[in-house]
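Quick note: to get my numbering, add 3 to the position in the sequence shown (first position is 1).
C-beta atoms are modelled at their ideal positions from N, C-alpha and C, and glycine is treated no differently.
Working notes for the structure below.
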Amino acid sequence: MRFDRNSLSRDLWVIIGLVSTIIVLELVTSADYVFSYLYIGPVLLASLRFDQRFSIRLTLLVSGLTLFNLWIPGSHIITPPTIANRFIAVFALFVTALLANRNRFYEGALAQQRAKLQFQEKLASLQEDFVSTLTHDLKTPLLGAIETLKAFQQGQFGDVTTLQQKVLATMLRSHQSSLKLIATILDVYRNDSEGMQLVRSPINLIELTEQVIQTLNDLVSSYQVSVQLNTTALNTQQACVNGDELQLQRVLSNLLINAIYHSPLHGTIEVILKSQSHSHPPEVVIQLLDEGPGIHSEELPQLFERFFQGHSDRQAKGSGLGLYLSRQIVEAHGGKIWAENREIRGAVFGFCLPALTL
């Protein structure tokens, strides 16, 4: 708290006047009359308007005056109840000063927390505006470039050779990847700040996995790898979960793309679905096994952290957001996601979700 000098000067004279008046009352009356309780007023005023040092000094002064009145005037007989009343008054003065100073401390801490909260709210608003503006400004030219490349591919600007078609396809994939990255950045930010909003419905994970694999057929072919789906360990009923189809599709797509990018030429990616009926509640487990380079053991705990990029070949190629977003989605569904190394070569990425009990 800050007060101007004139205000503090007036308060100081008020305290001096009150203390002087109480001293006079104490001196002209018998010691049996304890006016020292009135010192609580100046002590409270000092605690509210001045620093703690001044408040303590004033409390010690009026406490001393309270006890000093036991001997002045000396014509009165001092009885044990009178002494007890005086010491009780001193105790009350110290308790008042302590509580007033503690209250002032809490008020200051509360004011700091309030200011900090207001600053954080303002910062969050600025961050949201910045992210929204940035993603919009980045998406607009990318969308224009993508449409232009598609027009070139369709021959709207003249004939296109086979070599040019390959170059245009590469450029188109690059722009589309950048567009997906921008969307991922915005989604990650919104999930962190607002929480993920899920639109749940019964989903068959076998069918969803088949759809994702089919969607990525072109990418699988371009990287010359193969994907095998293994669902022998569960039936259709065991593969059902209550979740957001679009978000779970993103998880499967992120993990499968990650496996494709890091698989060797002519490598095999195995996608295994199985049921853990012994767990409570029962769970559906999806694992993706690739034959690419493994993951350093010290990097495994941080693998699903935001923007994490390790030193291995697997982390050097990505932005570190796809796996983090996948973790957000899986955890929002009440599941778990993990990664581990295979015994010989490659890595296993897996996640589990609570099964839908019918």
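Looking only at C-alpha atoms, which of V22, T165 and L258 sits nearest to Y327?
The residue given as residue 327 occupies position 324 in the sequence shown. Residue L258 is the option with its Cα nearest to Y327.
Who are the Cβ neighbours of N245 in its own chain at under 8 Å, not counting the five residues just before and after it?
As a working note, residue 245 is residue 242 in the sequence shown. Only R203, S204, P205, I206, P357 and L359 meet the Cβ criterion.
Rounded to whole angstroms, what is the Cα-Cα separation between L237 and L211?
Indexing the sequence shown from 1 puts residue 237 at position 234. Indexing the sequence shown from 1 puts residue 211 at position 208. Cα to Cα, the separation comes out at about 15 Å.
Helix or strand or just coil, what does DSSP make of S33?
Against the sequence shown, residue 33 aligns to sequence position 30. In the structure shown, S33 sits in coil (DSSP, three-state: anything other than H, G, I, E or B).
Just how far apart, CA to CA, sit L255 and L166?
In the sequence shown, residue 255 corresponds to position 252, counting from 1. In the sequence shown, residue 166 corresponds to position 163, counting from 1. Taking the straight line from one Cα to the other gives about 33 Å.
Quick test of your reading: I272 and A262, contact by CB under 8 Å. State the CB separation rounded to the nearest angstrom.
Numbered from 1 along the sequence shown, position 269 holds the residue referred to as residue 272. Numbered from 1 along the sequence shown, position 259 holds the residue referred to as residue 262. Sure, about 5 Å apart at Cβ, within 8 Å.
Going by the DSSP bridge assignment, what does V230 pair with across the sheet?
As a first step, residue 230 is located in the sequence shown; it is residue number 227 there, counting from the start. The partner list for V230 (beta bridge, DSSP) reads I272.
Which whole runs of the alpha helix (DSSP H) in the segment 13 to 92 are 4 residues long or more, in chain order?
Within the segment 13 to 92, the complete alpha helix (DSSP H) runs of at least 4 residues are 43 to 52 and 55 to 71.
Hey, could you find the ends of the beta strand (DSSP E) S204 is sitting in?
Indexing the sequence shown from 1 puts residue 204 at position 201. Looking at the DSSP string, the run of the beta strand (DSSP E) that includes S204 is S204 to N207.
What first and last residue would you give for the beta strand (DSSP E) that runs through N344?
In the sequence shown, residue 344 corresponds to position 341, counting from 1. First-last of the beta strand (DSSP E) with N344: K339 to N344.
If you count every other CB in all the chains shown that lies within 10 Å of the CB of K277, and 16 or more means buried, which is it?
Translated into the one-based positions of the sequence shown, residue 277 becomes position 274. Per the 10 Å Cβ criterion, buried.
Considering just the uninterrupted stretch of the beta strand (DSSP E) at E286, what are its terminal residues?
Position 283 of the sequence shown, counting from 1, holds the residue named residue 286. Residues E286 to L292.
Grab the span of the beta strand (DSSP E) containing N245 for me, first residue to last.
Here residue 245 corresponds to residue number 242 of the sequence shown, with the count starting at 1. Note, N245: beta strand (DSSP E), C243 to G246.
Are the CB atoms of I43 and A87 within a distance shorter than 8 Å?
In the sequence shown, counting from the first residue as 1, residue 87 sits at position 84. In the sequence shown, counting from the first residue as 1, residue 43 sits at position 40. Not closer than 8 Å, so no.
Give the secondary structure of G198 by DSSP, where H, G and I count as helix, E and B as strand, and everything else as coil.
Position 195 of the sequence shown, counting from 1, holds the residue named residue 198. In this structure, G198 counts as coil in the three-state DSSP scheme.
When we look at the beta-carbon of F307 and count the other beta-carbons within 10 Å, is it buried (16 or more) or exposed?
Counting from 1 along the sequence shown, the entry for residue 307 is found at position 304. Buried, by the Cβ-count rule.
Just verifying my parser: in three-state terms, what is the DSSP assignment at L306?
As a first step, residue 306 must be located in the sequence shown, where it is residue number 303. In the structure shown, L306 sits in coil (DSSP, three-state: anything other than H, G, I, E or B).
What is the DSSP secondary structure of S278, counted as helix, strand or coil?
Along the sequence shown, one-based indexing puts residue 278 at 275. Correct three-state label for S278: strand.
For F160, which of helix, strand or coil comes out of DSSP?
For the purposes of this step, residue 160 is taken as the residue at position 157 of the sequence shown. Coil, per DSSP.
At a cut of 8 Å, does the segment 183 to 203 reach the segment 215 to 231 through at least three beta carbon pairs?
No: the two stretches stay apart, fewer than three of their Cβ pairs being nearer than 8 Å.
Can you look up P357 in the DSSP assignment and give me helix, strand or coil?
Counted from its first residue, the sequence shown places residue 357 at position 354. In this structure, P357 counts as strand in the three-state DSSP scheme.
G270 and G295 - do their beta-carbons sit closer together than 8 Å?
Working through the sequence shown from its first residue, we reach residue 295 at position 292. Working through the sequence shown from its first residue, we reach residue 270 at position 267. The answer is yes: Cβ separation under 8 Å.
What do you reckon, are the CB atoms on L182 and L145 nearer than 8 Å?
On the sequence shown, position 179 is the one that residue 182 refers to. On the sequence shown, position 142 is the one that residue 145 refers to. Cβ atoms of L182 and L145: closer than 8 Å.
Alpha carbons only, please: which of T138, Q130 and S180 is nearest the one belonging to I149?
The residue given as residue 149 occupies position 146 in the sequence shown. Ranking T138, Q130 and S180 by Cα distance to I149 puts S180 first.
Can you tell me the Cα-Cα spacing of G334 and L171, whole angstroms?
Here residue 334 is taken as the residue at index 331 of the sequence shown, counted from 1. Here residue 171 is taken as the residue at index 168 of the sequence shown, counted from 1. Correcting the residue identity first, residue 334 is Glu in this sequence and not Gly. Looking at the two C-alpha atoms, the distance is approximately 38 Å.
Under 7 Å Cβ to Cβ from L268, same chain only, skipping five residues before and after it: list those, please.
What you label residue 268 is simply residue 265 of the sequence shown in a count that begins at 1. Excluding residues within five positions, the ones whose Cβ falls inside 7 Å are Q227.
List the whole-angstrom C-beta distance separating F97 from T62, where the pair is believed to meet the contact cut-off of C-beta under 8 Å.
Counted from its first residue, the sequence shown places residue 97 at position 94. Counted from its first residue, the sequence shown places residue 62 at position 59. Contact flag correct, Cβ pair sits at about 6 Å.
Apart from the five residues on each side of it in sequence, which residues of its chain come closer than 8 Å, Cβ to Cβ, to Q231?
On the sequence shown, residue 231 is found 228 positions in, with the first residue counted as 1. Hits under 8 Å: T271, I272, E273 and V274.
Let's test the definition: count the other Cβ atoms within 10 Å of the Cβ of L126 and tell me whether it reaches 16, buried, or not, exposed.
Position 123 of the sequence shown, counted from the first residue, corresponds to residue 126. The residue in question, L126, is exposed, as its Cβ has fewer than 16 Cβ neighbours within 10 Å.
How far does the alpha helix (DSSP H) with N220 in it reach, from first residue to last?
Along the sequence shown, one-based indexing puts residue 220 at 217. From DSSP, the alpha helix (DSSP H) with N220 extends over N220 to S225.
Rounded to whole angstroms, what's the CA-CA distance from C355 to D247? Just pull it up for me.
Position 352 of the sequence shown holds residue 355. Position 244 of the sequence shown holds residue 247. The straight-line gap from Cα to Cα measures roughly 14 Å.
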